[in-house]
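Count along the sequence shown starting at 1, add 75, and that's the number in my numbering.
Idealized CB from N, CA, C, for every residue including glycine.
All values reported here derive from a predicted model rather than from experimental measurement.
Working notes for the structure below.
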Amino acid sequence: MAGPDHLNNVLSEVLTSEQSFNASMKKCRDNLFFPLIFQLAERRIIADIPDFKTLYEKFCVIIDSSDRFIARYQNSMINGDPNGYISIFRILPDVVVRYVNYIELHHKVLPLIRRERQFNKAFDNFISEIEGLLSDTFQSFLILPIQRPPRYQLLLREIIQSTPQNSQNLPFYEQIIQTIADIITAADMKIEEFEEEIQISDLQNRLNDFDTYKKGRHLYFMGDCNNFSRKKGEQRHIILFSDVLIIAEYKSSNKLRVNNITESGQYLILDVKDDSSFNNCIDIRKRDKSFRASMATPQQKTDILNAFNLMLENNNLQLKRLEMLGFAPIWIPDENAPICMLCGDPFTKLTNRKHHCRYCGYCICKKCFQNKIVCPGRGPEPQQVCKNCYEKILAMDPRMILPEISEPIFQT
Numbered sequence: 076m077a078g079p080d081h082l083n084n085v086l087s088e089v090l091t092s093e094q095s096f097n098a099s100m101k102k103c104r105d106n107l108f109f110p111l112i113f114q115l116a117e118r119r120i121i122a123d124i125p126d127f128k129t130l131y132e133k134f135c136v137i138i139d140s141s142d143r144f145i146a147r148y149q150n151s152m153i154n155g156d157p158n159g160y161i162s163i164f165r166i167l168p169d170v171v172v173r174y175v176n177y178i179e180l181h182h183k184v185l186p187l188i189r190r191e192r193q194f195n196k197a198f199d200n201f202i203s204e205i206e207g208l209l210s211d212t213f214q215s216f217l218i219l220p221i222q223r224p225p226r227y228q229l230l231l232r233e234i235i236q237s238t239p240q241n242s243q244n245l246p247f248y249e250q251i252i253q254t255i256a257d258i259i260t261a262a263d264m265k266i267e268e269f270e271e272e273i274q275i276s277d278l279q280n281r282l283n284d285f286d287t288y289k290k291g292r293h294l295y296f297m298g299d300c301n302n303f304s305r306k307k308g309e310q311r312h313i314i315l316f317s318d319v320l321i322i323a324e325y326k327s328s329n330k331l332r333v334n335n336i337t338e339s340g341q342y343l344i345l346d347v348k349d350d351s352s353f354n355n356c357i358d359i360r361k362r363d364k365s366f367r368a369s370m371a372t373p374q375q376k377t378d379i380l381n382a383f384n385l386m387l388e389n390n391n392l393q394l395k396r397l398e399m400l401g402f403a404p405i406w407i408p409d410e411n412a413p414i415c416m417l418c419g420d421p422f423t424k425l426t427n428r429k430h431h432c433r434y435c436g437y438c439i440c441k442k443c444f445q446n447k448i449v450c451p452g453r454g455p456e457p458q459q460v461c462k463n464c465y466e467k468i469l470a471m472d473p474r475m476i477l478p479e480i481s482e483p484i485f486q487t
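Here you go:
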């Protein structure tokens with residue numbers, strides 16, 4: 076609710092929040108960061124982290140900025156000058172830029188710190204001992220400046236909500252919060268690019284038989300899946316780049332071997348509705364070989380489907396056009412289909428045996444397996460398909476069908 080008292084409370088909260096942040100930053104600087112910098116400078120501890128000192132310096136710059144912010148803010152509160160707050164918030168975007176400079180370097184240095192802690196016993200022991208005394212982790216201190224700019228946004232929104240609608244200061248606050256949002260968005264984009272570079276670099280170390288580095292290439296998805304074959308399930312690792320889809324298999328706990336590479340525009344990734352036999356599943360359709368895969372979690376399934384859609388969009392590909400290519404069917408394992416996947420009739424060993432649609436690979440009964448049609452991309456001979464695929468192929472626009480594919484020919 077807008078009002079002078081509520082606005083004053085919010086303005087006081089800004090100071091309290093900044094003081095708490097400032098104290099935590101100094102706690103890290105004085106008890107952990109500076110002692111570690113000293114140990115490294117004296118070479119009592121050896122660590123291969125080239126930009127570690129620069130990160131410390133940027134950390135200290137943020138503390139200095141916070142000190143000045145607190146001093147000016149306290150002075151405005153003492154004087155009771157509303158315009159004093161305006162002048163303070165006016166410099167806030169410049170303060171946020173200093174945070175961004177730290178954040179960008181943090182994302183570069185943090186993997187090196189983790190590596191040193193994993194393989195450098197002296198380095199890790201020194202940090203662990205101080206972490207025990209502080210009852211907190213080094214990493215939790217290092218992310219404090221990362222969490223701060225969004226906190227400024229939240230506090231400014233509270234100020235806006237508490238400021239009367241007719242206040243001349245309202246447009247100013249809205250402008251400041253938008254400026255900060257733009258700065259954070261630009262920083263997030265840079266961080267995403269850097270994190271992608273780290274992922275691709277780590278992937279190269281695991282994948283010796285494929286060069287992950289290529290100009291313009293982006294990594295959209297990585298994750299494990301369980302591949303359903305006709306006989307057994309096999310673990311695979313899916314890597315979806317902007318230009319290729321890689322199916323890999325594990326040759327050791329961390330190393331991967333390329334099983335198959337498919338260029339963008341030559342495969343589909345389709346959603347499979349959950350049922351009693353398949354959960355979190357997708358269909359990966361390719362010209363030579365298709366398969367159904369079970370992702371580890373519903374979120375992973377959502378992520379890979381979103382990644383595939385992003386690949387289509389960024390490569391100006393149309394799903395309907397790709398469907399005209401014709402892909403190998405997915406042979407659903409017999410044990411995963413106790414009933415017809417179309418009509419639901421139970422299968423028997425003698426009178427109602429299983430058949431596989433030559434277009435989608437579903438297990439279907441005889442009455443659902445009565446139609447023949449020329450399948451896109453599968454040659455000139457009509458093939459037996461389920462009634463759903465029969466209707467789907469008939470509905471295809473002949474103008475969309477690729478030149479090497481004739482118009483659908485059907486038999487009943």
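Name the two residues that bound the continuous beta strand (DSSP E) containing residue i.
i, result
"residue 337", "331 to 338"
"residue 356", "356 to 361"
"residue 321", "319 to 325"
"residue 459", "458 to 460"
Assign residue i to buried or exposed, taking buried as 16 or more other Cβ atoms, counted over all protein chains shown, within 10 Å of its Cβ.
i, result
"residue 224", "buried"
"residue 238", "buried"
"residue 89", "buried"
"residue 469", "exposed"
"residue 320", "buried"
"residue 87", "exposed"
"residue 436", "buried"
"residue 29", "There is simply no residue 29 to check, as the chain begins at 76 and stops at 487 in what is shown."
"residue 432", "buried"
"residue 443", "buried"
"residue 421", "exposed"
"residue 365", "buried"
"residue 476", "Residue placement at residue 476 cannot be trusted, given a pLDDT of 42 that sits under 50; what the coordinates show is reported in the next sentence. Label assigned to residue 476: buried."
"residue 128", "exposed"
"residue 407", "buried"
State the DSSP-derived secondary structure class of residue i, mapped to helix, strand or coil.
i, result
"residue 421", "strand"
"residue 302", "strand"
"residue 446", "strand"
"residue 367", "strand"
"residue 347", "coil"
"residue 193", "helix"
"residue 431", "strand"
"residue 294", "strand"
"residue 315", "strand"
"residue 414", "strand"
"residue 85", "helix"
"residue 188", "helix"
"residue 103", "helix"
"residue 342", "strand"
"residue 240", "coil"
"residue 440", "coil"
Measuring alpha carbon to alpha carbon, tell me which of the options ends up nearest residue i.
i, options, result
"residue 201", "295, 109, 230 and 269", "109"
"residue 490", "448, 451, 430 and 434", "Given a span of 76 to 487 for the chain in the structure shown, any question on residue 490 remains unanswerable."
"residue 363", "379, 376, 402 and 303", "402"
"residue 131", "189, 101 and 323", "101"
"residue 327", "336, 310, 439 and 387", "310"
"residue 292", "453, 122 and 339", "339"
"residue 115", "330, 198 and 253", "198"
"residue 316", "290, 301, 265 and 210", "290"
"residue 177", "385, 140, 323 and 193", "140"
"residue 414", "457, 153 and 352", "352"
"residue 121", "168, 142 and 192", "192"
"residue 149", "210, 83, 381 and 126", "83"
Residues in its own chain within less than 7 Å of residue i by CB, not counting five upstream and five downstream?
i, result
"residue 187", "124"
"residue 342", "320, 359, 360 and 361"
"residue 147", "163"
"residue 389", "317"
"residue 133", "176, 177 and 180"
Counting only the same chain and skipping the five closest in sequence on each side, list residues whose C-beta sits under 6 Å from that of residue i.
i, result
"residue 356", "347, 367 and 369"
"residue 498", "Residue 498 cannot be examined here, being either before or after the span of the chain that is shown, 76 to 487."
"residue 344", "357, 359 and 383"
"residue 226", "none"
Apart from the five residues just before and just after residue i, which ones in its own chain have a Cβ nearer than 8 Å to its Cβ?
i, result
"residue 298", "312, 313, 370, 371, 375, 378 and 379"
"residue 481", "With a pLDDT of 41 at residue 481, under the threshold of 50, the predicted position of this residue should be treated as unreliable, though the coordinate-derived value follows. Excluding positions up to five away in sequence, the list reads 449 and 455."
"residue 301", "308, 309, 310, 311, 368 and 369"
"residue 462", "417, 443, 445 and 446"
"residue 248", "164, 231, 234, 235 and 238"
Between which two residues does the alpha helix (DSSP H) carrying residue i extend?
i, result
"residue 262", "245 to 281"
"residue 222", "219 to 237"
"residue 403", "Premise fails: residue 403 is in no alpha helix (DSSP H) and is neither H nor E."
"residue 110", "109 to 116"
"residue 135", "127 to 154"
"residue 377", "373 to 389"
"residue 395", "394 to 398"
Of all the CB atoms in chain C, is at least one closer than 9 Å to the CB of residue i?
i, result
"residue 243", "You won't find chain C in this structure, because it holds only one protein chain."
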